[in-house]
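K.L.:
There are 4 protein chains.
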Amino acid sequence: MSFQNPVFIPGPTNLPESIRKACDMPTLDHRSPAFARIFKPAVEGVRRVLKMDAGEVILIPSTGTGGWEAAVSNTLSPGDTVLAARFGMFSHRWIDLCQRHGLNVQIIETPWGQGAPLAAIEAALKADKSIKAVLATHNETATGVKSDIAGIRRAMDAAGHGAMLMVDGVSSIGSMPFEFSAWGVDIAVAGSQKGFMLPAGLAILGISPKAISAMETATLPRTFFDFKDMLTSYARGGFPYTPPVGLIAGLAHAIELLESECLDNVYARHHRLAEGVRRAITAWGMTPYAATPDLYSDTVTAVKVPAGCDGTALVQLAASKYGVAFGVGLGEVAGKVFRIGHLGMLTDVMVLSGLATAEMCMADLGWPITLGSGVAAAQDYYRGTVPALAMAAE
Amino acid sequence: MSFQNPVFIPGPTNLPESIRKACDMPTLDHRSPAFARIFKPAVEGVRRVLKMDAGEVILIPSTGTGGWEAAVSNTLSPGDTVLAARFGMFSHRWIDLCQRHGLNVQIIETPWGQGAPLAAIEAALKADKSIKAVLATHNETATGVKSDIAGIRRAMDAAGHGAMLMVDGVSSIGSMPFEFSAWGVDIAVAGSQKGFMLPAGLAILGISPKAISAMETATLPRTFFDFKDMLTSYARGGFPYTPPVGLIAGLAHAIELLESECLDNVYARHHRLAEGVRRAITAWGMTPYAATPDLYSDTVTAVKVPAGCDGTALVQLAASKYGVAFGVGLGEVAGKVFRIGHLGMLTDVMVLSGLATAEMCMADLGWPITLGSGVAAAQDYYRGTVPALAMAAE
Amino acid sequence: MSFQNPVFIPGPTNLPESIRKACDMPTLDHRSPAFARIFKPAVEGVRRVLKMDAGEVILIPSTGTGGWEAAVSNTLSPGDTVLAARFGMFSHRWIDLCQRHGLNVQIIETPWGQGAPLAAIEAALKADKSIKAVLATHNETATGVKSDIAGIRRAMDAAGHGAMLMVDGVSSIGSMPFEFSAWGVDIAVAGSQKGFMLPAGLAILGISPKAISAMETATLPRTFFDFKDMLTSYARGGFPYTPPVGLIAGLAHAIELLESECLDNVYARHHRLAEGVRRAITAWGMTPYAATPDLYSDTVTAVKVPAGCDGTALVQLAASKYGVAFGVGLGEVAGKVFRIGHLGMLTDVMVLSGLATAEMCMADLGWPITLGSGVAAAQDYYRGTVPALAMAAE
Amino acid sequence: MSFQNPVFIPGPTNLPESIRKACDMPTLDHRSPAFARIFKPAVEGVRRVLKMDAGEVILIPSTGTGGWEAAVSNTLSPGDTVLAARFGMFSHRWIDLCQRHGLNVQIIETPWGQGAPLAAIEAALKADKSIKAVLATHNETATGVKSDIAGIRRAMDAAGHGAMLMVDGVSSIGSMPFEFSAWGVDIAVAGSQKGFMLPAGLAILGISPKAISAMETATLPRTFFDFKDMLTSYARGGFPYTPPVGLIAGLAHAIELLESECLDNVYARHHRLAEGVRRAITAWGMTPYAATPDLYSDTVTAVKVPAGCDGTALVQLAASKYGVAFGVGLGEVAGKVFRIGHLGMLTDVMVLSGLATAEMCMADLGWPITLGSGVAAAQDYYRGTVPALAMAAE
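Protein chains in written order, with our numbering: chain V, 1039 to 1432; chain W, 1039 to 1432; chain L, 1039 to 1432; chain Z, 1039 to 1432.
1. What does the Cβ neighbour count give for W:P1054, buried or exposed, with the cut at 16 atoms within 10 Å?
2. Is Z:Q1144 helix, strand or coil by DSSP?
3. Against chain Z, which members of the region 1063-1076 of chain V pass a CB distance test of less than 9 Å?
4. Using C-beta distances below 7 Å, list every residue in its chain close to Z:W1405, excluding the 5 sequence neighbours before and after it, in chain order.
5. Is L:E1297 close to chain V, meaning its C-beta is less than 9 Å from at least one C-beta of that chain?
6. Which residue from L:D1067, L:E1094, L:L1088 puts its Cα closest to that of L:M1268?
7. Can you give me the start and stop residues for the alpha helix (DSSP H) that L:G1102 sits inside?
8. Is DSSP giving L:P1054 helix, strand or coil here?
9. Mark Z:T1179 as exposed unless 16 or more other C-beta atoms lie within 10 angstroms of its C-beta, in which case mark it buried.
10. Does DSSP put V:F1046 in a helix, in a strand, or in coil?
11. Could you tell me which uninterrupted alpha helix (DSSP H) segments, each at least 4 residues in length, are contained entirely in the region 1244-1288 of chain L, listed from first to last along the chain?
12. Counting pairs of Cβ atoms below 8 Å between the region 1203-1213 of chain Z and the region 1069-1076 of chain Z, do you hit three or more?
13. Which of the three DSSP states is assigned to L:F1128 in this structure?
14. Please state whether DSSP places W:R1069 in a helix, a strand or coil.
15. Would DSSP call Z:D1224 helix, strand or coil?
16. Going by DSSP, what residues sit across from V:M1383 in a beta bridge?
17. Report the rounded CA-to-CA distance for W:G1349 versus W:G1126, giving the unit in angstroms.
18. So for V:I1319, helix, strand or coil by DSSP?
19. Within its chain, find whatever has a CB closer than 6 Å to the CB of V:G1361; leave out the 5 residues flanking it on each side and keep chain order.
20. Out of curiosity, what's the CA-to-CA distance linking Z:L1041 and L:M1383?
21. Just the chain V side, please: which residues come within less than 8 Å of L:E1055 by C-beta, in chain order?
22. Which partner residues of V:F1376 appear in the DSSP bridge assignment?
23. For W:M1090, does the three-state DSSP call read helix, strand or coil?
24. Can you find a C-beta in chain W that's less than 9 Å from the C-beta of V:M1398?
25. Which of the three DSSP states, helix, strand or coil, is assigned to V:Y1305?
26. Can you say whether V:E1432 is buried or exposed, counting buried as having 16 or more other CB atoms within 10 angstroms of its CB?
27. Quick one: list the residues of chain L neighbouring Z:S1391, beta-carbon separation under 8 Å, in chain order.
28. Which residues in chain L sit within 7 Å of Z:V1413, going by Cβ to Cβ distance?
29. Restricting to Cα atoms, I'd like to know which of W:S1070, W:P1071, W:L1097, W:A1072 is closest to W:G1083.
30. Drop a sphere of 10 angstroms on the beta-carbon of L:S1251, count the other beta-carbons inside from all chains shown, and report buried for 16 or more, exposed for fewer.
31. Z:Y1420: buried (16+ other C-beta within 10 angstroms of its C-beta) or exposed?
32. Would you call Z:A1201 buried or exposed, if buried means 16 or more other Cβ atoms sit within 10 Å of its Cβ?
33. Could you give the residue range of the alpha helix (DSSP H) that holds Z:V1353?
34. Does L:W1106 have its Cβ less than 9 Å from a Cβ in chain W?
35. Using DSSP with H/G/I as helix, E/B as strand and the rest coil, what is Z:A1430?
36. Contact criterion: CB-CB distance below 9 Å. Does L:D1402 meet it with respect to chain Z?
The structure is reproduced here in structure tokens:
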């Protein structure tokens, strides 16, 4: 029997019914005006979600990794210097990508569990005026840590530095507050499968006028990812190659959903679900891997497991015995954490089932746990915090 | 945001993904051989699920109520006497239907919470040889009580009585053991939306050779429900009017799912989920409305609420505050119970979310409850009883 | 390879994408307010499509046959006299249903290919004041003949007769003009699978205040079809038994589609498609079975086949060789006609493929036909009659 | 009314019902064994469709353009020389991509309407032993021309040249015979949205052992497209980043469909549909743009329009007036042709509707055309060539 429980991975998220239907469409001629009628609202919607006053939106049939590559290859040239902190698997991978593309990456090694080190960034920028771009991972999915992007902008300004600010917002955008223009972001990278609650397959980027200018001189090779080809085609209502029409239609619909709820409510919803998870973790006598509460991500929590326990074993047992998906620890936190994704299409009621499953696994594995303890802590929090809206409407 | 939690009503059940897809099909010419290729496996599959050695299967675009009416109108004549016990809303409604159709119903009034009174049935049969049919509600959905159909057959045999045995199996068939031929059932009535995990819209009947013979002399009027029209058309691979092709395709697929799991495993799965619910109820200090454990239904539990508490208020709060559907008490148990459906497409993990929601509602309503207590009891039971099969395969 | 061509049967129609999606929904608690939010717009929409000033709408999980039975059993008593003309398979079947339910049917035998004989009806009414109801088949699907319902009302008025007027609008409503109140209809019966472009499974009725009054004294037995149970439940936002929620949601959406096009445009679209088919038939040297142009149905055409040709053979060949579904001749026109359904989700372009297929079959069967001749006639008509609307919008 | 006609563009194709359902799936943990159970059959199936004896299959969430870029960037280094003929928009674009990536492209300019010039290729190879790769467009979608890939291999062998052979099979693979190993192909590039009948979003590549070796020394930068990352992850049953699970599931299903029909039958079906289109074109007094019959593509035909006529106007009118999509002429054949795609999910019956639509547009535009003439020619051909299989089965 293939009965489907909700997933609790940090993306792809559970898919809302109406988004699945928006994506699943018959073939439409992507060279006809009908395509423009789908594409334009998607692009305009992304602009609003990112809070962009200026610049352009780019959609690429790709993933977050492709989005990073597009950001780098359109704006930089071999040998250029970029600055990046490494404090998790995804900040690491972006650095690796830059190195493979012949960039000189100044790496600020930062303990996992910490966020972007503002002071060190400022110092590095002051010391090296040749840095072309600062790379920032808004939400490090591996450790459940959010970084202070506005703070990075302040550090850049304090250093009087003209580098571009490139932000990996794959696991934050659409779920946690993001301010493209207010934070002075030059390139933001998102993916369809996280806050936008779509299947994987679409990289979603916002690019500032400064990033657009950088295209002119950047010599890293690109064709599939070329922003100029994109913008030229977009201006004619088209796409430089065959677009994934269903995903784009789904994106337009997803943004309608997010905006009909109101983005601030979306963020509050994610915070509420996340806080319930954190209450449960505390009741279990455990802690998030994120070093301090200001770093807690509202989309994913990496739970530090007790000494002698193996987080990966819990994830495997949850999948094999209960049909529930959590995330394993990656890289240097492999085994030391398990991760609970709490973003996208998810309710308090679903989260409780995830917490209950984790508890059963812990008991099965002999971890010190009282069944129902985390659930009770989350129940207590959730029942006191249901938004008035949810009670009034469907 | 219309995010969808599982439902915990006693049908329609949550729908498996693959059944939804089987039902959602483009138009097919129902007068072509392509229809027969869908229809025949559905009919043959029902025969196996009901465990019919002889007789015919009838599918009617209708509901359980329509199935009752078909059973009665095809086999009985105005003024005929039938015997029925009344111990819940659904046994009541079938009686009411018979009365409206001009039958003389000998009613054995039985306390709600009890099942079919075997001794009283036997006595009634011995006393009245004119009884044409015994009506039995296998699973009384209003009280969560299952009746002993084999016992009724024994009572009929003990009375040496030739009446037909008509069984309402709407909320049992496909979820709890059913033995059409071994129990000497003459008409069994099921519905698409319970154990078969389909949308509502199809009454599913098994009819014995004796019931088929009874058609010849029965004078209650019928056309839409006429078995003879059905059987004549079926023999030609067709249907007497436009059939609901999608539901029939879905039925064939549902039976494939049930049989690939093995019917005995399906029944064991329902028992396991139900038992977890009952453990939770006990932990809450409450009891099922069913009078004794041998009467406990494995598809629905009516939970007796503490004195001074209102079961209907809990159901309304769960819907309005948490977006979770339970069943209210009906008729004479209105307010005195709330009902948890645990049939069809449901996992242990989903059940835990339902129990957790009920607990939040109880706390919200000021009922005496410890959050997490019922969840913990169910967790403890579930984690000790996962079938080996589930652990081995997807 | 199961590649799907459009169907050209007189219902069920091809299904619009968005209607399929509206029907295919997850389980919703039909006892919750969420159901009323789906149900009420469907009921109100039907009222508008039928053009009802007064009376009630009834939705039954059933088919057109069930709708007929509901009409009769709720308003008549055994032995009552009804008047009906017989001029096709569907008018015949309704008569048969009445007879099985113990009604006395005054039958006006009318040649197939003719419509309702107004003068004979008037005469019969004048002669027999005991007639309780006049049954009229608005669109005889077997012969492709429409009848003049307004004319029947005039005949009834001319006779000063107080009988109820019951209309089978299964294959007309939603595709051809219908005026419930203006025509003085007492019961109109429609089905989901024709003009509403839904899967089969829902009988849709409009009932007048007079029909509602008739319920009080009518003694034919009914429970599943009982209007009073329906209306009582509807008033509470519910249903007397488990409703087919997906079909009802689909109905509400279908009416949105029809009304967004505007009903008059819907009727004009059907007329245009039908006229193209008739031009093709003429080009083939054949004629519609309907006796005169004023009788031509805009939803289905029964094509009279040349002497020595077998219409059923064409239908079978189209299905087996080309995967295209037409309708066979039924009853006394079996073999003498084949039927082309041209209602519901269909475009001029699709119709051309149906005509082209029919031509290939004719050639295959050795009928006297010039390939492309009917297609050309229809092309010529269609290209001159595209509505301005279609050219402006998608 | 958004009623949907089939599309006649050269991809994306119309989508089979079952493929849409296979793609539209709930979220699955792509790091779990469940993903491998979907992924592995897809990869193995591609291997069979390409007829690969050795080498590896690569799937990238991307498009054909991304596939080209992956082919080039994984195997070549800046300054490397590649050989390519230019005879249409897609051969042109691949050349452009190479140039942007710093390759030295020896271009053999060839008249549009011709295929790959075998003699010129052989001569060029004999003259320049430094050529690292020969790029070949198997089916030039812009002109409807297929090239002789086996012939190119013979030319390479005749020249005794060790270059890699890279083939753009985007609009041929899955629809026309392809022999990866027999033809000595080193990299074949396909896309999901053509012969595989899926939505756009997946580049599908076969790479030979020689291409795999070339990865070791190739210095063009790549991360998203990196074959080594792919192969390393695949070996563990995973993907280097979030895979488009639905498209991969759909791919596995599409290959089941193709293989259940038998690939040779799939190719024969495409040939039959294409030949019917060509018969129609001849009846119109027009010709395919492809110079000679041996060059005729079986997936797309570019129709040379009469002098003074504008092919683009026909395409625009078909879309705006009839809701039917054809392809415009691209680049130097803009206006001079219109294109009829005849690949993927399409039947003879559907093709006839496309031809009929084209005829109506021609008449509307005042082109010299007899309505029904092309349809009749295609009908005559189609009705004589239905495969026995299609008549026997559904």
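Here a beta-carbon is modelled for each residue, glycine too, at the ideal position from N, C-alpha and C.
P.N.:
The short version:
1. buried
2. strand
3. Within the region 1063-1076 of chain V, the residues whose Cβ lies closer than 9 Å to any Cβ of chain Z are, in chain order, M1063, P1064, T1065, L1066, D1067, H1068, R1069, S1070, P1071, A1072.
4. P1344, C1347
5. The beta-carbon of L:E1297 is placed no less than 9 Å from the nearest beta-carbon of chain V.
6. Closest by alpha carbon: L:E1094.
7. 1102-1113
8. coil
9. buried
10. Three-state result, V:F1046: coil.
11. 1247-1252, 1265-1273
12. no
13. helix
14. coil
15. coil
16. When DSSP reads this structure, V:M1383 sits in no beta bridge, so it has no partner.
17. 17 Å
18. Of the three classes helix, strand and coil, the one that applies to V:I1319 here is helix, per DSSP.
19. N1043
20. The displayed chain sequence assigns Phe, not Leu, to residue 1041 of chain Z. For Z:F1041 and L:M1383, the distance between alpha carbons rounds to 6 Å.
21. Neighbours of L:E1055 across chain V, judged by C-beta separation under 8 Å: M1063, P1064.
22. V:V1341, V:V1366
23. coil
24. Under the Cβ criterion of 9 Å, V:M1398 is counted among the residues facing chain W.
25. helix
26. For V:E1432, the pLDDT reaches just 41, beneath the cut-off of 50, and the residue's location in the model is therefore unreliable, leaving the point undetermined.
27. V1387, M1388, L1390, S1391, A1394
28. A1394, G1410, V1413
29. W:L1097
30. Per the 10 Å Cβ criterion, exposed.
31. buried
32. Note on Z:A1201: 16 or more other CB atoms within 10 angstroms of its CB, so buried under the neighbour-count rule.
33. 1349-1360
34. Taking Cβ atoms only, chain W reaches closer than 9 Å to L:W1106, which makes this a yes.
35. Caution applies to Z:A1430, whose pLDDT of 44 falls short of 50 and renders its modelled position unreliable; the model cannot decide the point.
36. It does; some Cβ of chain Z falls within 9 Å.
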